[in-house]
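> According to the numbering used here, the sequence shown is numbered sequentially starting from 5.
Every residue gets a Cβ at the ideal spot worked out from N, C-alpha and C, and that includes glycine.
Just so you know, these numbers come straight off a predicted model, no measurement behind them.
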Amino acid sequence: MSITGKTTVCGILGYPVAHSVSPRMQNAAFAALGLDWVYIPWAVRPGAFPRALEALRGIENFGGANVTIPHKEAALEAVDEISPEARSIGAVNTIVRREGILVGHNTDGEGFLTSLREEVGEDPRGKRVGLLGAGGGAKAVAYALAEAKVAEVTVFGRSQERARSLVSHLRKLYRNIELLALGLQDLHAGILGQLDILINATPVGMKPSDPPLFDYGMLREDLLVCDLIYRPAETPLLASARLRGCRLLNGCGMLLYQGARAFELWTGQKAPVPIMRQALAEGENGA
Ligand code: NAP
Numbered sequence: 005m006s007i008t009g010k011t012t013v014c015g016i017l018g019y020p021v022a023h024s025v026s027p028r029m030q031n032a033a034f035a036a037l038g039l040d041w042v043y044i045p046w047a048v049r050p051g052a053f054p055r056a057l058e059a060l061r062g063i064e065n066f067g068g069a070n071v072t073i074p075h076k077e078a079a080l081e082a083v084d085e086i087s088p089e090a091r092s093i094g095a096v097n098t099i100v101r102r103e104g105i106l107v108g109h110n111t112d113g114e115g116f117l118t119s120l121r122e123e124v125g126e127d128p129r130g131k132r133v134g135l136l137g138a139g140g141g142a143k144a145v146a147y148a149l150a151e152a153k154v155a156e157v158t159v160f161g162r163s164q165e166r167a168r169s170l171v172s173h174l175r176k177l178y179r180n181i182e183l184l185a186l187g188l189q190d191l192h193a194g195i196l197g198q199l200d201i202l203i204n205a206t207p208v209g210m211k212p213s214d215p216p217l218f219d220y221g222m223l224r225e226d227l228l229v230c231d232l233i234y235r236p237a238e239t240p241l242l243a244s245a246r247l248r249g250c251r252l253l254n255g256c257g258m259l260l261y262q263g264a265r266a267f268e269l270w271t272g273q274k275a276p277v278p279i280m281r282q283a284l285a286e287g288e289n290g291a
C-alpha cells in the first residue's frame, strides 16, 4: 500500500477497534481495484464520538467510515442525513461523505440478508423466524427480514422489555408480519418446532465459558440455524446444530457483505467480494 498526497482516507470508529478485521478487508478491496484509498482504525472512547466526527467532517480527503460498538446510536444523532434503513433500524454503521454532507447508512441488515441468500441459498420470504436478542444486530436483522417479507418474527429477549420495544417498533412499520416478543426462558421445543430459521443475535458463544442460551438438544434437523458471531466461526450453538444435522450460517458472511455494501457506498464501484472474503479468511488464520 502506498499513500500519496491525494489518498482518500476511510476508517472505522469504535472502541475497542484493535480486534477489527475491517481494515484488512477494505484495504485489500481498495488495492484490488487500484484505488488511492486507505482504511484505518480509529479508537474513539465512549462519549468522544461527536468530537471525532466533527474533526473528520473538516477533512477534505475523508471518504467515509464504518461505525461500530459503542457508537452506532450516537452516529445517528451526529450525521447530517439518515438513510431510510438506518432510520428504521435506529443505528448507523456506515457514514458516507458527499460534498461535505455526512450521510448515515446501515448495511448490517442487508449484509445479513445477502449472506443468507448467497451462503446458504435461503429466501426468507414467508418464513417463520426466531431471533435471540434485541440489541443493535437483532434490530438490523429484524428490519432486513421484514423488508424481505418473512411471515413471522419472534424476538426472544433476556430483557423482555427490550424485545417488546423492538417488536412494537416493527409493528408500526410492518402490518403484514406476525410479531411476538418473548423471554429467552420461553424458548421450548414446541415453539422451536414452529420455526424455519433461528438466529442468535446475542454475544453468547463468543467465549467458550458462555453458558448456552437454551437447551441446544431441542434443535431439529430441519431448522436453519444462524449466528451473527463470526469469531469463533463455529459457536457452541452452531456446533450443536451441526451435530443435529441443521443447515448453518455463521456471522462471517454478514461481516463480508455489510463491508462490501459500505465499500460500494463510498467508492461507487462494485465491491471485489472474493478478494474481501480472502482477506477476512487470512485475518482469521492470523496471516
Ligand atoms: P448489543 O446491541 O449489545 O445487543 C446484545 C443483545 O444480546 C441484547 O439484546 C442483550 O440482552 C443480549 N445479551 C447479551 N448478553 C446476553 C446473555 N448473557 N444472555 C442472553 N442475552 C444476552 O450487541 P449487538 O451489536 O447486537 O451484537 C450482538 C452480537 O452480534 C455480537 O456477538 C456481535 O459481534 C454480533 N454482530 C455481528 C455482526 C456481523 O457482521 N457478523 C454485525 C453486528 C453484530 P439485553 O437486551 O438484556 O441487554
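Could you check where the beta strand (DSSP E) with P236 kicks off and where it finishes?
Along the sequence shown, one-based indexing puts residue 236 at 232. Here P236 belongs to no beta strand (DSSP E), and DSSP marks it neither H nor E.
> Are the CB atoms of T206 and A185 within a distance shorter than 9 Å?
By 1-based counting over the sequence shown, the position of residue 185 is 181. By 1-based counting over the sequence shown, the position of residue 206 is 202. Going by C-beta atoms, A185 is not nearer than 9 Å to T206.
> Does ligand 1 have even one heavy atom less than 8 Å from the beta-carbon of L217?
Your numbering for residue 217 matches position 213 in the sequence shown. Result yes, Cβ under 8 Å from ligand 1.
> DSSP three-state call for N31: helix, strand or coil?
Position 27 of the sequence shown, counting from 1, holds the residue named residue 31. N31: helix per DSSP, three-state reduction.
> Excluding sequence positions up to five away, which residues of its chain have a Cβ less than 6 Å from the Cβ of A142?
Position 138 of the sequence shown, counted from the start, is the residue given in the question as residue 142. So the list reads L135 and A205, once near-sequence residues are dropped.
> Is P54 near A90, with beta carbons less than 9 Å apart?
Stepping through the sequence shown from its first residue, residue 54 is reached at position 50. Stepping through the sequence shown from its first residue, residue 90 is reached at position 86. No, these two residues do not count as a Cβ contact at 9 Å.
> Exposed or buried, L247, counting other C-beta atoms within 10 Å across all chains shown (16 or more means buried)?
Locating residue 247 in the sequence shown gives position 243, counting from the first residue. So L247 ends up on the exposed side.
> Apply the 10 Å Cβ neighbour rule to A291 and answer buried if 16 or more other Cβ atoms are within range, or exposed otherwise.
Start at 1 with the first residue of the sequence shown, and residue 291 comes out as number 287. Residue placement at A291 is flagged as unreliable, the pLDDT there being 48, under the threshold of 50; the coordinate-derived value follows with that caveat. A291 should be labelled exposed.
> Use the C-beta contact count for E114: other C-beta atoms within 10 angstroms, 16 or more gives buried, fewer gives exposed.
Reading the sequence shown from its first residue, position 110 is the one you call residue 114. Per the 10 Å Cβ criterion, buried.
> Tell me the DSSP secondary structure of L188 in three-state form.
As a first step, residue 188 must be located in the sequence shown, where it is residue number 184. The answer is helix: DSSP assigns L188 an H, G or I state.
> Where do the N-terminal and C-terminal ends of the alpha helix (DSSP H) with H109 fall, by residue?
Indexing the sequence shown from 1 puts residue 109 at position 105. Note, H109: premise wrong, no alpha helix (DSSP H); beta strand (DSSP E) at I105 to H109.
> Would you call the stretch 164 to 172 and the stretch 238 to 247 in contact, with 3 or more CB pairs under 8 Å?
Touching, no, given that fewer than three Cβ pairs across the two stretches are closer than 8 Å.
> Assign A291 to one of three DSSP states: helix, strand, or coil.
Translated into the one-based positions of the sequence shown, residue 291 becomes position 287. Legend: pLDDT at A291 = 48, less than 50; position of this residue unreliable, value from coordinates given subsequently. Coil.
> What does a CB cutoff of less than 6 Å around F218 pick up in its chain, not counting 5 residues either side in sequence?
As a working note, residue 218 is residue 214 in the sequence shown. Counting only Cβ-Cβ distances below 6 Å, and skipping sequence neighbours, we find L191.
> DSSP state of E64, grouped into three classes?
Translated into positions along the sequence shown, residue 64 becomes position 60. The answer is coil: DSSP assigns E64 none of H, G, I, E or B.
> Let's test the definition: count the other Cβ atoms within 10 Å of the Cβ of K10 and tell me whether it reaches 16, buried, or not, exposed.
For the purposes of this step, residue 10 is taken as residue 6 along the sequence shown, with counting starting at 1. By the 10 Å Cβ count, K10 comes out exposed.
> In this structure, what does DSSP give as the bridge partners for A69?
Position 65 of the sequence shown, counting from 1, holds the residue named residue 69. Answer by DSSP bridge pairing, in chain order: G15 and I99.
> With a threshold of 8 Å (Cβ to nearest heavy atom), would T118 be considered close to ligand 3?
In terms of ligand content, the structure shown lacks ligand 3 and carries ligand 1 instead.
> Would you mind reading off the limits of the alpha helix (DSSP H) that contains P88?
Along the sequence shown, read from residue 1 onward, the residue named residue 88 stands at position 84. Segment P88 to I93, the alpha helix (DSSP H) holding P88.
> Quick check on the burial criterion: 16 or more other C-beta atoms within 10 angstroms. Buried or exposed for Q262?
Taking the sequence shown and counting its residues from 1, one reaches residue 262 at position 258. It is buried - the Cβ of Q262 has at least 16 other Cβ atoms within 10 Å.
> Would you check whether ligand 1 has a heavy atom nearer than 8 Å to the C-beta of L232?
Counting from one through the sequence shown, the residue named residue 232 turns up at place 228. Yes.
> To which residues does DSSP link Y43 through a beta bridge?
As a position in the sequence shown, residue 43 is number 39, starting the count at 1. DSSP, once it has assigned bridges, lists C14 as partnering Y43.
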